[in-house]
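Working notes for the structure below.
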Amino acid sequence: MSLFDTLPGIGPYEESLGPGAMVLRQFALATESALLSALDGVTAAAPFRHMVTPGGFRMSVAMTNCGPLGWVSDRTGYRYDPCDSATGLPWPPMPEPFTRLATEAAARAGFPDYTPDACLINCYQPGAKLALHQDKDEQDFGQPIVSVSLGLPAVFLFGGLKRSDKTVRVPLTHGDIVVWGGPARLRYHGVLPLKEGHHPLLGERRINLTFRKAG
Ligand code: MD3
Ligand code: FE
Numbered sequence: 146m147s148l149f150d151t152l153p154g155i156g157p158y159e160e161s162l163g164p165g166a167m168v169l170r171q172f173a174l175a176t177e178s179a180l181l182s183a184l185d186g187v188t189a190a191a192p193f194r195h196m197v198t199p200g201g202f203r204m205s206v207a208m209t210n211c212g213p214l215g216w217v218s219d220r221t222g223y224r225y226d227p228c229d230s231a232t233g234l235p236w237p238p239m240p241e242p243f244t245r246l247a248t249e250a251a252a253r254a255g256f257p258d259y260t261p262d263a264c265l266i267n268c269y270q271p272g273a274k275l276a277l278h279q280d281k282d283e284q285d286f287g288q289p290i291v292s293v294s295l296g297l298p299a300v301f302l303f304g305g306l307k308r309s310d311k312t313v314r315v316p317l318t319h320g321d322i323v324v325w326g327g328p329a330r331l332r333y334h335g336v337l338p339l340k341e342g343h344h345p346l347l348g349e350r351r352i353n354l355t356f357r358k359a360g
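If you read the sequence shown in the working numbering, its first letter stands for residue 146, the second for the next number, and so on.
Structural data, given as structure tokens:
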């Protein structure tokens with residue numbers, strides 16, 4: 146027992162990114178093998194695909210989902226959908242190690258009653274990026290978002306509540322988790338183009354698990 150065990154947001158592996166946003170460095174490392182085997186099961190049933198934006202652009206990040214709701218984009222817009230249009234079937238169930246990790250991370254960051262119903266899985270290959278955006282397709286902005294980084298490192302851009310606000314760069318590496326809630330929930334964010342590299346478990350890829358309470 147140390148002083149850090151009693152103070153959320155303070156400690157050698159925890160960093161505050163400002164009110165409502167906390168990085169839990171290496172929090173996912175202890176369960177990486179369970180996460181990666183569960184990930185293989187999900188992507189066998191619902192393979193990664195490049196979605197199209199409402200404007201008609203192919204996203205550089207490949208995506209899939211698990212859990213009761215999946216985030217999708219097509220020419221008609223962005224939405225949460227219970228089914229995968231590629232198969233017509235429900236998205237694969239959220240694997241238990243995913244749900245447990247997201248719930249534990251949220252609790253550690255001060256959100257004790259978190260039950261995600263959506264997990265968007267993003268796959269980045271070198272050059273893939275995510276432009277600055279807000280996550281606002283969910284019903285209840287009182288619920289946090291938990292993001293788990295696996296594989297190659299990335300630079301995360303963290304902005305403010307306006308697109309034009311200045312951004313800070315946050316390096317995220319294998320096993321890092323970020324919890325975004327409260328006053329940070331609607332801050333703009335993005336991911337810089339992924340650099341080339343090789344990760345011993347994931348190869349030339351970065352995988353991000355984004356847990357949300359969408360419905
Ligand atoms: C900051 N994905 O899929 S979630 C996304 O690395 C997305 O692939 C990121 O942004 C990725 O929409 C990781 C990071 C995130 C999510 C919600 C936020 C950051 C946030 C809400 C407010 C502020
Ligand atoms: Fe986002």
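Idealized CB from N, CA, C, for every residue including glycine. Small disclaimer: the values here were computed from a predicted structure and weren't measured.
In three-state terms, what does DSSP make of L306?
Against the sequence shown, residue 306 aligns to sequence position 161. It is coil, neither helix nor strand.
**Message:** Taking contact to mean 3 or more Cβ pairs, one atom from each stretch, closer than 8 Å, check whether the segment 194–203 and the segment 338–353 are in contact.
**Reply:** Touching, no.
inquiry  = Check whether the segment 276–285 and the segment 177–190 are in contact - that is, three or more C-beta pairs closer than 8 Å.
reply    = Judged by Cβ distances under 8 Å, the segment 276–285 makes no contact with the segment 177–190, as fewer than three pairs qualify.
Could you pull out every residue in the same chain whose Cβ sits closer than 7 Å to the Cβ of L234, ignoring the five residues on either side in sequence? Taking the sequence shown and counting its residues from 1, the one referred to as residue 234 is at position 89. Around L234: C228.
Open item on the list: Using C-beta distances below 6 Å, list every residue in its chain close to T355, excluding the 5 sequence neighbours before and after it, in chain order.
Closed with: Start at 1 with the first residue of the sequence shown, and residue 355 comes out as number 210. Excluding positions up to five away in sequence, the list reads L265 and S292.
Q. Among residues of its own chain, excluding the 5 on either side of E349, which ones have a beta-carbon nearer than 8 Å to its beta-carbon?
A. If you number the sequence shown from 1, residue 349 lands on position 204. Residues Q270, P271, L297, E341, G342 and H343 of the same chain have their beta carbon placed closer than 8 Å to that of E349, with the five preceding and five following residues left out of the count.
(message) Only counting the same chain, and skipping five residues up and downstream in sequence, which positions put a Cβ closer than 6 Å to that of V315?
(response) In the sequence shown, residue 315 corresponds to position 170, counting from 1. F301 and F303, listed in sequence order.
Just verifying my parser: in three-state terms, what is the DSSP assignment at L337?
If you number the sequence shown from 1, residue 337 lands on position 192. Reduced to three states, the DSSP call for L337 is coil.
Less than 8 Å between the beta carbons of P242 and T318, yes or no? For the purposes of this step, residue 242 is identified with residue 97 of the sequence shown, where counting begins at 1. For the purposes of this step, residue 318 is identified with residue 173 of the sequence shown, where counting begins at 1. Cβ atoms of P242 and T318: not closer than 8 Å.
Discussion item. Here's the rule: buried if 16 or more other CB atoms are within 10 angstroms of the residue's CB, otherwise exposed. What is L339?
Written reply: Counting from 1 along the sequence shown, the entry for residue 339 is found at position 194. Buried is the call here.
Discussion item. Nearer than 7 Å: is that true of the beta carbon of H343 relative to any heavy atom of ligand 2?
Written reply: Taking the first residue of the sequence shown as 1, we reach residue 343 at position 198. Not under cutoff, so the answer is no.
Q.
Out of T248, R170, R245 and D226, which one is the CA nearest neighbour of E283?
A. Along the sequence shown, read from residue 1 onward, the residue named residue 283 stands at position 138. If we check each option's Cα against that of E283, D226 comes out closest.
Review point. Tell me which same chain residues have a C-beta within less than 8 Å of the C-beta of K307, skipping the five on either side of it?
Key: Stepping through the sequence shown from its first residue, residue 307 is reached at position 162. Around K307: Y333.
Name the residue from V336, N210 and T221 whose alpha carbon lies nearest to the alpha carbon of G186. Mapped onto the sequence shown, residue 186 falls at position 41. The residue with the shortest Cα to Cα distance from G186 is N210.
message: Does S178 come out as helix, strand or coil in the three-state DSSP assignment?
response: Within the sequence shown, numbered from 1, the residue matching residue 178 stands at position 33. Three-state result, S178: helix.
**Prompt:** From L295, M239 and P257, pick the residue whose C-alpha is nearest to that of S178; which is it?
**Reply:** Start at 1 with the first residue of the sequence shown, and residue 178 comes out as number 33. For the residues L295, M239 and P257, the minimum Cα distance to S178 belongs to L295.
So does H278 have its beta carbon nearer than 7 Å to some heavy atom of ligand 2? Counting from one through the sequence shown, the residue named residue 278 turns up at place 133. Yes, the Cβ of H278 comes within 7 Å of a heavy atom of ligand 2.
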